[in-house]
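Undergrad: Just passing along the structure, written as structure tokens.
There are 2 protein chains.
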Amino acid sequence: MIPPINLIDAFDRVTDYWSPKVIGEVNDQLLKVAKLKGALVWHAHDGEDELFHIVKGKLRMEFEDHAVDLKEGDILTIPKGVMHNPVAEEECWVLLVEPASTKHTGDEITDRTRSLEEQMS
Amino acid sequence: MIPPINLIDAFDRVTDYWSPKVIGEVNDQLLKVAKLKGALVWHAHDGEDELFHIVKGKLRMEFEDHAVDLKEGDILTIPKGVMHNPVAEEECWVLLVEPASTKHTGDEITDRTRSLEEQMS
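Chain order of the listed sequences is A and B.
For the first sequence, the numbering used here begins at 84 and goes up steadily by one.
For the second sequence, the numbering used here begins at 84 and goes up steadily by one.
Here's what the structure looks like:
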């Protein structure tokens, strides 16, 4: 069995923005922590929902026709296929739940795209 | 799209111990909040992992050959098929991630067993 991990301690491993780190799994879903600052990129995940849980700070989730402002403790699931762009004016810590197959920038390849191997390191 | 839910506010809906409430979903996994106090019952979930995230308080997870003490912020996945018994000496708040099909007392039916319909209410 994988030993317990402390969520706050897990963020010590995160040194770069927009570079998720895998910290656990449940039924083929991965738990990842990430520090965000600035905007990522407009993208969608065609076959997979993506859950954002704001651990610290604030995040504005832009959608094509509206935006949702998220604060600490807020949980939002982006349904599969929905275009979105996360924007953090200040540093924001998030816990993500998504399948192992999810690419965090969708099919957009940018200099922020990280392979699953990089996310496991 | 389901609007965001605040994790701490979600616990306001929980009035009984050992009575999980569904607060969200991602890729056929349900997010549930529960308040725990005392011991539940020895059980396993044959086909499904179950993730515990300690939001407030402490939880002792008993296994057949050892126990793990969890504190606030700790995350532990119970692998499918592993017998376990959560014990909270004092009130403990947990966030759970498990498939819609998971029965929270496994195949043990007790007066604490809650149907999915009850968990959605």
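Here a beta-carbon is modelled for each residue, glycine too, at the ideal position from N, C-alpha and C.
Under 8 Å Cβ-Cβ, which residues of chain A neighbour residue 112 of chain B?
TA: What residue 112 of chain B touches in chain A: 109, 110, 112 and 180.
Undergrad: Three or more beta-carbon pairs under 8 Å between the stretch 111 to 121 of chain B and the stretch 166 to 180 of chain B, yes or no?
TA: Segments in contact, yes.
Undergrad: In chain order, what are the residue ranges of uninterrupted alpha helix (DSSP H) at least 4 long that sit wholly in the stretch 137 to 167 of chain A?
TA: The stretch 137 to 167 of chain A contains no whole alpha helix (DSSP H) run of 4 or more residues.
Undergrad: Of all the options A/114, A/104, A/100 and A/88, which has the alpha carbon lying nearest to the alpha carbon of residue 180 of chain A?
TA: The shortest Cα separation from residue 180 of chain A among A/114, A/104, A/100 and A/88 belongs to A/114.
Undergrad: Quick check on residue 123 of chain B: does DSSP put it in helix, strand or coil?
TA: It is coil, neither helix nor strand.
Undergrad: Considering Cα atoms alone, identify which of B/184, B/202, B/96 and B/189 is closest to residue 169 of chain B.
TA: Here the closest residue by C-alpha is B/189.
Undergrad: Using C-beta distances below 7 Å, list every residue in its chain close to residue 106 of chain A, excluding the 5 sequence neighbours before and after it, in chain order.
TA: Result list for residue 106 of chain A: 88, 93, 114, 115 and 116, in chain order.
Undergrad: In chain B, what lies closer than 8 Å to residue 147 of chain A by C-beta?
TA: In chain order: nothing, as chain B lies at least about 12 Å away.
Undergrad: Using a beta-carbon distance cut-off of less than 7 Å, what residues from the stretch 151 to 162 of chain B approach chain A?
TA: Cβ contacts with chain A: 151, 153, 156, 157, 158, 159, 160 and 162.
Undergrad: Output yes or no for whether 9 Å exceeds the beta carbon distance between residue 153 of chain A and residue 166 of chain A.
TA: No, these two residues do not count as a Cβ contact at 9 Å.
Undergrad: Determine, for residue 126 of chain B, whether the minimum Cβ-Cβ distance to residues of chain A falls below 9 Å.
TA: Chain A, which has no Cβ nearer than 9 Å to the Cβ of residue 126 of chain B, makes this no.
Undergrad: Please decide whether residue 103 of chain B counts as near chain A, where near means a Cβ-Cβ distance under 9 Å.
TA: Not an interface residue.
Undergrad: What residue range does the beta strand (DSSP E) around residue 108 of chain A cover?
TA: Where residue 108 of chain A is concerned, the enclosing beta strand (DSSP E) stretches over 104 to 109.
Undergrad: How would you call residue 103 of chain B, buried or exposed, if buried means at least 16 neighbouring beta carbons within 10 angstroms?
TA: The residue in question, residue 103 of chain B, is buried, as its Cβ has 16 or more Cβ neighbours within 10 Å.
Undergrad: Looking at chain B, is there any beta carbon in it that lies within less than 9 Å of the beta carbon of residue 87 of chain A?
TA: So, interface residue.
Undergrad: If you measure from the beta carbon of residue 91 of chain B to each beta carbon in chain A, is any gap under 9 Å?
TA: Judged by the 9 Å Cβ criterion, residue 91 of chain B is in contact with chain A.
Undergrad: Show which residues of chain B have a CB atom less than 9 Å away from the CB atom of residue 177 of chain A.
TA: Simply none; closest approach about 13 Å.
Undergrad: If we count the other Cβ atoms within 10 Å of its Cβ and call it buried at 16 or more, is residue 136 of chain A buried or exposed?
TA: Result: buried.
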